[in-house]
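In our numbering, the protein residues as written are 854 to 1155.
For every residue, glycine included, the Cβ atom is placed at its ideal position computed from N, Cα and C.
None of the values given here were measured: they were computed from a predicted structure.
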């Protein structure tokens, strides 16, 4: 991959920092259905697959249809909802596969941004660009990164946004903006170094959160609350937790009375969902709304 900079474009290279962008969930869905980084991500995959249940089988086909555009790196997961089936499935995947690790992920990525910022201060943009990949070569105006692509990307006066990603476990890649006069700058995505120690800290974040929740609510109710990311029926909850439907009904009644879940009857099933308070307890963060990502203006077919 060759990135050719104009002088004005080079002057507008910037680090992008968006908390929990939509793009990271799309990358997570793609990685979930692949074997890349198996030793580092297998524990995460197993945990997500168990908690997702049957919808886990739909993640691969969904991920194959999606390719993020530059706009999705600037949209936090939580801005609106288009209500499409793809949006609903992606939201459920996010709540199960990304949200439980959000604080640990944010700390990891922010630490890398700080490191890259220090490189800019000490070695300039030249040193920063070379730091993005061990085999990257930089000689103005061309940055070359061996990523298996023969693409040539030209960076004009709009500049280039650069951002790290945990789940884009691949070589650096550039994502362009939607076509049009108001299209923003392209985004260059790279993966910070991840080793077994780093991965253990990331995936342990979920374990610590579950223990804290269990100490507050009791083990069964904490597991039930965590399993409700994205919503679930009484029957499905019983199957996933290994308890009877009667037991599920008893525990959901307590959680509903506490304002942590809501319950709706849909034909012959009873569907439970987290309230904002319940989501905040599970995530240990300020609750966020659903995400608007499924419109054709924001997603490209791969």
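Query	Result
Helix, strand or coil: how does DSSP classify residue 1018 here?	coil
Determine the burial state of residue 903: buried for a count of at least 16 other Cβ atoms within 10 Å of its Cβ, exposed for fewer.	exposed
In chain order, which alpha helix (DSSP H) runs of at least 4 residues are fully inside the segment 953 to 993?	955 to 983
Shorter than 8 Å from the beta carbon of residue 1072 to some beta carbon of chain C?	Structure shown: chain C not included; a single protein chain is present.
Have a look at residue 1134 and residue 888 and give me their C-alpha separation to the nearest angstrom.	32 Å
Leaving aside the five residues before and after residue 1097 along the sequence, list all residues of the same chain whose C-beta is less than 8 Å from its C-beta, in chain order.	1091
Pick from 1123, 1076, 918: whose alpha carbon is nearest that of residue 1132?	1076
For the segment 1008 to 1023 against the segment 860 to 880, are there 3 or more C-beta pairs whose distance is under 8 Å?	yes
On the three-state DSSP scale, how would you describe residue 874?	strand
Across the segment 907 to 914 and the segment 962 to 977, are there enough close Cβ pairs to call them in contact, namely three or more that are closer than 8 Å?	no
Taking the straight line between their C-alpha atoms, what separation do you get for residue 916 and residue 883?	5 Å
Please state the DSSP three-state secondary structure of residue 941.	helix
What does the alpha-carbon distance come out to for the pair residue 895 and residue 901?	10 Å
Helix, strand or coil: which one does DSSP assign to residue 883?	helix
For residue 859 and residue 1047, which I take to be in contact (beta-carbon distance under 8 Å), what is that distance rounded to the nearest angstrom?	Contact doesn't hold; Cβ gap of about 33 Å is too wide.
For residue 1085, list the residues DSSP reports as bridge partners.	1125
Classify residue 1038: buried if its beta carbon has 16 or more other beta carbons within 10 angstroms, exposed otherwise.	buried
Within 10 angstroms of its Cβ, does residue 1129 collect 16 or more other Cβ (buried), or is it exposed?	exposed
Please tell me whether residue 1156 and residue 906 are closer than 8 Å, where the distance is taken between their beta carbons.	Nothing about residue 1156 can be read from this structure; the chain reaches only from 854 to 1155.
What residues in its chain sit with their C-beta under 7 Å from that of residue 950, if we drop five residues either side in the sequence?	881, 885, 901
According to DSSP, is residue 1117 part of a helix, a strand, or is it coil?	strand
At the level of alpha carbons, what is the spacing between residue 1102 and residue 893?	37 Å
When the Cα atoms are used, what is the spatial distance from residue 1112 to residue 925?	33 Å
According to DSSP, is residue 914 part of a helix, a strand, or is it coil?	helix
Over what stretch of residues does the alpha helix (DSSP H) that includes residue 904 continue unbroken?	891 to 905
Just list the beta strand (DSSP E) runs in the segment 1028 to 1057, keeping only unbroken ones of 3 residues or longer that don't cross its boundaries, in chain order.	1040 to 1043
Give the C-beta separation of residue 868 and residue 977 to the nearest angstrom, bearing in mind that I take them to be a contact with Cβ-Cβ under 8 Å.	Not really, about 14 Å apart at Cβ, beyond 8 Å.
Where does residue 925 fall in DSSP's three states?	helix
By Cβ distance, which residues of its chain are closer than 6 Å to residue 863, with the 5 residues on each side in sequence left out?	none
Once DSSP output is grouped into helix, strand and coil, what is the label at residue 930?	coil
Rounding to the nearest angstrom, what Cα-Cα distance links residue 933 and residue 865 in this structure?	Because the pLDDT of residue 933 is 48, which lies under 50, any placement of that residue in the model is unreliable, and the number read from its coordinates should be weighed accordingly. Approximately 30 Å between the Cα atoms of the pair.
Report the residue from 870, 957, 1104 whose alpha carbon sits nearest the alpha carbon of residue 1072.	1104
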